[in-house]
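Okay, structure first, notes after.
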Amino acid sequence: MKTIHAFFVPFCLMLSLAFVFTSCNDDPDGDATGAVNVALTDGPLDDARVEGVFVTVTGVEVNGSPLADFSGKQTIELSALTQGSTRMLGSDNLTAGAYSDVRLLLDTEMDATGNAPGCYVLTDDGTRHPLKINGTASGMAQVNTGSFMVNADQTTNVVIDFDLRKALQYESSGDMSDAYEFVAQTDLNAALRLVNEEETGTIRGQADRNSIVDGNARIVAYAYASGTYNESSETQAQGSGQIMFANAVTSCAVNSAGEYMLSFLPAGEYDVVFAAYKDNNSDGESEFVGTLNVGLLGNLGISPGSVTVESSLSVNLNIGILGIQP
Numbered sequence: 000m001k002t003i004h005a006f007f008v009p010f011c012l013m014l015s016l017a018f019v020f021t022s023c024n025d026d027p028d029g030d031a032t033g034a035v036n037v038a039l040t041d042g043p044l045d046d047a048r049v050e051g052v053f054v055t056v057t058g059v060e061v062n063g064s065p066l067a068d069f070s071g072k073q074t075i076e077l078s079a080l081t082q083g084s085t086r087m088l089g090s091d092n093l094t095a096g097a098y099s100d101v102r103l104l105l106d107t108e109m110d111a112t113g114n115a116p117g118c119y120v121l122t123d124d125g126t127r128h129p130l131k132i133n134g135t136a137s138g139m140a141q142v143n144t145g146s147f148m149v150n151a152d153q154t155t156n157v158v159i160d161f162d163l164r165k166a167l168q169y170e171s172s173g174d175m176s177d178a179y180e181f182v183a184q185t186d187l188n189a190a191l192r193l194v195n196e197e198e199t200g201t202i203r204g205q206a207d208r209n210s211i212v213d214g215n216a217r218i219v220a221y222a223y224a225s226g227t228y229n230e231s232s233e234t235q236a237q238g239s240g241q242i243m244f245a246n247a248v249t250s251c252a253v254n255s256a257g258e259y260m261l262s263f264l265p266a267g268e269y270d271v272v273f274a275a276y277k278d279n280n281s282d283g284e285s286e287f288v289g290t291l292n293v294g295l296l297g298n299l300g301i302s303p304g305s306v307t308v309e310s311s312l313s314v315n316l317n318i319g320i321l322g323i324q325p
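Take 0 as the starting number for the sequence shown in numbering that gives the first Met the number 0 and just add one per residue.
Shown next as C-alpha cells:
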C-alpha cells in the first residue's frame, strides 16, 4: 500500500483561501484586552522525493478582522517547521473572551517574490508541483478546530498546526510534473488544528531499533488520545487521501539519531504508536511495513501504555523495539 505520510498546503481557488475555524466570541470582560500571537507549525514529511512543501501566506484574520501586526506576505517552507519549530505570523490586542474563528489567507498563484506558483511541493528534481484542491467551488473552506481564550492583560500564544501527512495526496492523472494535490474538503478540514501553546505539552524520547528494524526503514511515532487507537481501522487507508493512522492527534518521524518529538499536545492522556515504512521498490514512495511492538527502555517487557501530558511540560518516553506486527 502506498500513501503519503506527511504533506500539507492549504487551498486558494483564485488568489487566496481562508481556512475558517467556526466562530465564537464571548466577551466577559467588556473592553478589557489581551495580546495574541499567532504562529504556524507542521508535521514531518515522509516522501523521499520531496525537498519541501511551501505555502504563501498573505494575511491572518480573527473573527473577520485582520491581525493589526501581520508580518507581511511571506512564502513559508511548512515542511521545515517540525520538532516543535514555529513561524510567527502576526499579533494583535483583542477584546478578552473566547475565540475560534481564525482565517489564514493564502496566495496559490504567486509567492512572496512574485513568482508562480504560490503554494507547491518541491521535488528533488527541481520541479515545483502546484497545489490545488478538487470539488470546491468557492475560495472559502471550513476547518474544524477548538477555541482559545484571551485573558485581560495577558499574552496568548496560538499555534495553527498543519498535519501535512493528512492533507496531501498523489494526483490521479499520473502527470509527474503535477503529481500532488489536496485531499477532499472534508478530509482537509480534519488536517488542521488550533491550540493554545500554554495549554500543550510534548512527548519526546529515543527509539532503539535493537537491530529489528532495517536501518533504511523510517519509523514514525503517532500520538492518540488515550483509548482512541484501533489497530484494525487505523492501519487501513481512509478517506480520499488514503491516509493511514488518520485519527492520530499528531505524528513525527524518528530521526537518524533515534530521536522523536510529538509537539503541541493538549494536556491529557495519550497512547503512542510506532510504525515502520520502507521504500521497497525504489519509487520514492514509502510502503507500510507494520506497527512496532515496543517496551520501555530498561524494562523491555512493559508496554509504554498511556502517557500523561501536562501543560508546558515535556515527557520523556524512551522505547526499545521488540518486533514488527505486519
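We put the CB at the ideal spot given by N, CA and C, even for glycine. Source: prediction; values computed, not measured.
Subject >> 6 Å CB neighbourhood of residue 238 in its chain, flanking five on each side removed >> reply: Cβ neighbours of residue 238 beyond the five flanking positions: 186.
Query raised in the report: Going by beta carbon distance, what residues of the same chain come within less than 7 Å of residue 315, once the five residues before and after it are set aside?
Result: Sequence-distant Cβ neighbours of residue 315 in its own chain, meaning closer than 7 Å and more than five residues away, are 203, 204.
Strictly by DSSP, which residues pair up with residue 287? Partner(s): 276.
| task | Take residue 262 and list the residues in its own chain whose beta-carbon comes closer than 6 Å to its own, dropping the five residues that flank it on each side. | result | Contacts found: 83, 201.
Tell me the DSSP secondary structure of residue 177 in three-state form. When secondary structure is reduced to three states using DSSP, residue 177 falls in the coil class, being assigned neither helix nor strand.
| Are the beta-carbon atoms belonging to residue 149 and residue 96 less than 8 Å from one another? | Taking 8 Å as the Cβ cut-off, residue 149 and residue 96 qualify as a contacting pair.
How is residue 112 classed by DSSP in three states: helix, strand or coil? Here residue 112 carries a coil assignment [DSSP, helix/strand/coil].
Margin query: Would residue 111 and residue 72 be called neighbours here (beta carbons separated by less than 8 Å)?
Written below: In contact: residue 111 and residue 72 (Cβ atoms closer than 8 Å).
Practice problem: Give the secondary structure of residue 102 by DSSP, where H, G and I count as helix, E and B as strand, and everything else as coil. | Solution: Strand.
Ordered along the chain, which non-local residues of its own chain (more than five positions away) have a Cβ less than 7 Å from that of residue 22? Reliability of the predicted coordinates at residue 22 is poor, the pLDDT of 44 falling under 50, and the value obtained from them is presented with this limitation in mind. In chain order, 62, 99, 100 place their CB closer than 7 Å to the CB of residue 22, counting only its own chain and leaving out the 5 sequence neighbours on each side.
query: Would the beta-carbon of residue 160 fall within 8 Å of that of residue 194?
result: Contact: yes.
Counted within 10 angstroms of its Cβ, other Cβ atoms place residue 41 as buried (16 or more) or exposed: Around the C-beta of residue 41, 16 or more other C-beta atoms lie within 10 Å, and the residue is accordingly described as buried.
- Query: When DSSP builds the beta bridges, which residues end up paired with residue 260?
  - Reply: Note: residue 260 sits in a beta bridge opposite 203.
| query | Is the Cβ-Cβ distance between residue 274 and residue 248 less than 8 Å? | reply | With respect to residue 248, residue 274 sits apart: the two C-beta atoms are not nearer than 8 Å.
CB of residue 323 within 8 Å of CB of residue 288, strictly: Yes; because the gap between Cβ atoms is below 8 Å, this pair is in contact.
In three-state terms, what does DSSP make of residue 186? In the structure shown, residue 186 sits in a helix (DSSP, three-state: H, G or I).
Run through the DSSP bridge pairs and tell me what residue 86 is partnered with.
Bridge partners of residue 86: 39.
query = Sorted by chain position, which residues of the same chain lie with C-beta nearer than 6 Å to residue 208's C-beta, five sequence neighbours on each side aside?
reply = So the qualifying residues of the chain are 320.
Can you tell me which of the three DSSP states residue 164 falls into?
In this structure, residue 164 counts as helix in the three-state DSSP scheme.
query: Is DSSP giving residue 231 helix, strand or coil here?
result: It is helical.
query = Along the chain, where does the beta strand (DSSP E) that runs through residue 238 open and close?
reply = Per DSSP, residue 238 belongs to no beta strand (DSSP E) and is neither H nor E.
What do you get for residue 255, buried or exposed, if any count of 16 or more other CB atoms within 10 angstroms of its CB means buried?
Residue burial is scored here from C-beta neighbours: residue 255 has fewer than 16 other C-beta atoms within 10 angstroms and is therefore classed as exposed.
- [ ] Leaving aside the five residues before and after residue 80 along the sequence, list all residues of the same chain whose C-beta is less than 7 Å from its C-beta, in chain order.
- [x] These residues qualify, in order along the chain: 39, 40, 41, 86.
### Query
Does DSSP put residue 27 in a helix, a strand or coil?
Low local confidence applies: a pLDDT of 48 at residue 27 is under 50, so the model's placement there is unreliable, with the coordinate-based value given in what follows. Residue 27 falls in the coil class under three-state DSSP.
Q.
I need the DSSP call for residue 281, collapsed to helix, strand or coil.
A. In the structure shown, residue 281 adopts coil according to DSSP, grouped into three states.
- request: Step through the CB atoms of chain B and report whether any lies within less than 8 Å of the CB of residue 155.
  value: No chain B is part of this structure, which consists of one protein chain only.
TODO: Using 10 angstroms around the beta-carbon of residue 226, count the other beta-carbons present and answer buried if the total reaches 16, otherwise exposed.
DONE: Within 10 angstroms of the beta-carbon of residue 226 lie fewer than 16 other beta-carbons, which makes it exposed.
Please list, in chain order, all residues of the same chain as residue 90 whose beta carbon is under 8 Å from its beta carbon, the five residues on each side excluded.
-> Taken in chain order, the residues that qualify are 34, 35, 36, 37, 66, 67, 68.
| message | In whole angstroms, give me the CA-to-CA distance for residue 28 and residue 151. | response | The predicted model places residue 28 with a pLDDT of 48, which falls under 50 and marks its position as unreliable, so this point remains unresolved.
With DSSP as the reference, please indicate the residues paired to residue 68 in a beta bridge.
The partner list for residue 68 (beta bridge, DSSP) reads 90.
Please classify residue 325 as buried or exposed, where buried requires at least 16 other C-beta atoms within 10 Å of its C-beta. Residue 325 is exposed by the Cβ-count criterion.
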